[in-house]
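Chains as they are written, first to last, in full-length UniProt numbering: chain A, 1 to 261; chain B, 1 to 270. Beta carbons are placed, not taken as given, at the ideal position from N, Cα and C, and that holds for glycine. Keep in mind it's a predicted model, so treat the numbers as computed, not measured. Here is the structure we will look at.
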């Protein structure tokens, strides 16, 4: 079997606080992510899941350990690891089209290809009607779709998502989760998503890294193998599957245990 | 006993917008009261007419100043001074402020310097500016420049620091280096606020203009007002004040218009 796309190897992160104290947010975490898979980092608050994602993105330095992408050790942020944040990140002065073209433009993709790819990904997230609108005219869910299209159009090796749907209302959230499955399938993108929503993790992920808190350690790797090989695309189907309730219960127990110390 | 707030209309309501009609009546009303009081005081002889001329006399002298006394020339000179000094200040302040907001290493050098200068009143430099530059245009431009430059830099630096971290990090994870991040993300993100800062600071330039022209000038609106003082022409002094006020208002409106024109996407918000 080929080597995994990403290898996170014994990474730790210690922050220096005021007054000479330190805080260890992430301690000795290792996991791998296969090409084309969706991996969820799940855990209670304080489990360092966002810090891990930020280290993968290169936005945060490692205190120790290594992260390899296609065997290359990562150093700083780059086009190969696109990130979608929870907060809206539309470039308000650019139209939806220009937003999606931004990454390709700065990376020197020729204008024609840029245009075609932008249109393709804007279509994929269902915003073709708004292609020439400014983001300020869009709702929160639509802005997140712009952010996803902008990252994907830039052809990253892996798409990093930091609680991307956390600020959305419940209905928009599950629509976005379903869209995410569709988009990941269509673009064969590898995704690492941080969430504290158990159902979201089970629905999206091929593999769940459950993290414990204070400091963030890898508690358990959960593979929701009750799901069919071909990803299911709507949530009702997930809820009907044998094994869903059991997996959810198991993760809830883990969450509760974490809450107790 | 329940203490609910009934929904009936009161004159003073916390954060309840007024109707367009009430807004119009209110804004005209305050000026009617102002001029009414002024007219009343002068026509009833409550005030010394030499010290407080009637509004009619003031507006007549605005006309006379422009029509017979070449006041337009003074106005143009003053406007030119304001615009030149302000443009100069912007040319320095925009790059400096953005650089401070983008690069902590530059902020660490400039911030202690700039914030110290902010507390030095610009007019206190007049004597030395006169010694350095004589009585030509230079000391006046220098005063206007000194009066706003440090505030302008600080405002722009603060606005640049307020550009959201996620925007910068998004750019970086799309593959942007630091220059692209600064010029194609931070700068466009902060530009609307830079224009707002300019609008605020232009008003301050007018303040220093009058000081500069009163202290050492034979031309400009302020100089005209000082000449008028010598001959007890209070009507002309007030005319000068009104002209400055109107000019200030015009420039403020122009900036508001420019803001709408340059940043249409801010108007599209729902």
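Select from the options the residue whose C-alpha is nearest the C-alpha of residue i.
i, options, result
"residue 168(A)", "188(A), 183(A), 145(A), 153(A)", "145(A)"
"residue 213(B)", "257(B), 89(B), 77(B), 264(B)", "77(B)"
"residue 280(B)", "130(B), 74(B), 230(B), 161(B)", "Any property of residue 280(B) remains undetermined from this structure, which presents chain B solely from 1 to 270."
"residue 262(B)", "178(A), 68(A), 94(A)", "94(A)"
"residue 107(A)", "141(B), 243(B), 180(B)", "180(B)"
"residue 153(A)", "193(A), 125(A), 172(A)", "125(A)"
"residue 184(B)", "3(B), 216(B), 169(B)", "169(B)"
"residue 51(A)", "29(A), 118(A), 78(A)", "29(A)"
"residue 154(B)", "7(B), 178(B), 89(B)", "89(B)"
"residue 35(A)", "7(A), 118(A), 250(A), 100(A)", "7(A)"
"residue 146(B)", "193(B), 117(B), 174(B)", "117(B)"
"residue 265(B)", "91(A), 250(A), 2(A)", "91(A)"
"residue 186(B)", "89(A), 33(A), 47(A)", "89(A)"
State the Cα-Cα distance for the pair residue i and residue j, rounded to the nearest angstrom.
i, j, result
"residue 13(A)", "residue 82(A)", "21 Å"
"residue 221(A)", "residue 41(A)", "10 Å"
"residue 152(B)", "residue 252(B)", "16 Å"
"residue 220(B)", "residue 74(B)", "4 Å"
"residue 58(A)", "residue 76(A)", "4 Å"
"residue 267(B)", "residue 191(B)", "15 Å"
"residue 160(B)", "residue 112(A)", "34 Å"
"residue 180(A)", "residue 26(A)", "27 Å"
"residue 94(B)", "residue 41(B)", "48 Å"
"residue 199(A)", "residue 161(A)", "16 Å"
"residue 270(B)", "residue 136(A)", "Low local confidence applies: a pLDDT of 39 at residue 270(B) is under 50, so the model's placement there is unreliable, and no value is given."
"residue 4(B)", "residue 256(B)", "42 Å"
"residue 96(A)", "residue 209(A)", "34 Å"
"residue 283(B)", "residue 33(B)", "Given that chain B is displayed from residue 1 to residue 270, the structure contains no residue 283(B) and the question cannot be resolved."
"residue 15(A)", "residue 225(A)", "36 Å"
"residue 202(A)", "residue 175(A)", "15 Å"
"residue 79(A)", "residue 72(A)", "14 Å"
"residue 249(B)", "residue 35(B)", "19 Å"
"residue 216(B)", "residue 143(B)", "11 Å"
"residue 103(B)", "residue 260(B)", "29 Å"
"residue 189(A)", "residue 17(A)", "37 Å"
"residue 7(B)", "residue 16(B)", "11 Å"
"residue 198(B)", "residue 204(B)", "10 Å"
"residue 46(B)", "residue 106(B)", "60 Å"
"residue 143(A)", "residue 163(A)", "14 Å"
"residue 193(A)", "residue 195(B)", "39 Å"
"residue 252(A)", "residue 212(A)", "13 Å"
Check the DSSP bridge columns for residue i and list the partner residues they point to.
i, result
"residue 39(A)", "192(A), 207(A)"
"residue 158(A)", "81(A), 190(A)"
"residue 143(A)", "None, per the DSSP bridge assignment."
"residue 67(A)", "8(A)"
"residue 212(A)", "217(A)"
"residue 31(A)", "8(A)"
"residue 22(A)", "16(A)"
"residue 222(A)", "208(A)"
"residue 72(A)", "69(A)"
Span of the alpha helix (DSSP H) holding residue i?
i, result
"residue 78(B)", "71-102"
"residue 178(A)", "170-187"
"residue 252(B)", "234-262"
"residue 158(B)", "137-161"
"residue 136(A)", "No alpha helix (DSSP H) holds residue 136(A); DSSP gives it neither H nor E."
"residue 170(B)", "165-173"
"residue 285(A)", "The first residue shown for chain A is 1 and the last is 261, placing residue 285(A) beyond what the model contains."
"residue 188(B)", "187-215"
"residue 127(B)", "126-133"
"residue 29(B)", "20-43"
"residue 61(B)", "55-68"
Could you give the residue range of the beta strand (DSSP E) that holds residue i?
i, result
"residue 10(A)", "6-16"
"residue 92(A)", "Run containing residue 92(A): none; DSSP gives neither H nor E here."
Excluding the 5 residues preceding and the 5 following residue i in the sequence, name in chain order all residues of the same chain whose CB lies nearer than 6 Å to its CB.
i, result
"residue 45(A)", "none"
"residue 215(A)", "24, 27"
"residue 277(B)", "A question about residue 277(B) goes unanswered here, because the residues of chain B that appear run from 1 up to 270."
"residue 68(A)", "7"
"residue 114(A)", "101, 104"
With respect to 8 Å, is the separation between the Cβ of residue i and the closest non-hydrogen atom of the ligand NAP below this value?
i, result
"residue 55(B)", "As far as ligands go, the structure on display features none, and thus does not contain the ligand NAP."
Can you list, in chain order, the residues of its chain whose CB lies under 8 Å from that of residue i, leaving out five sequence neighbours each side?
i, result
"residue 62(A)", "11, 12, 13, 55"
"residue 222(B)", "78, 209, 210, 211, 212, 213, 214, 240"
"residue 43(B)", "54"
Spatial neighbours of residue i within its chain, please: CB distance less than 7 Å, with the 5 preceding and 5 following residues excluded, ordered by chain position.
i, result
"residue 110(B)", "96, 100"
"residue 178(A)", "233, 234, 235"
"residue 38(B)", "55"
"residue 182(A)", "233"
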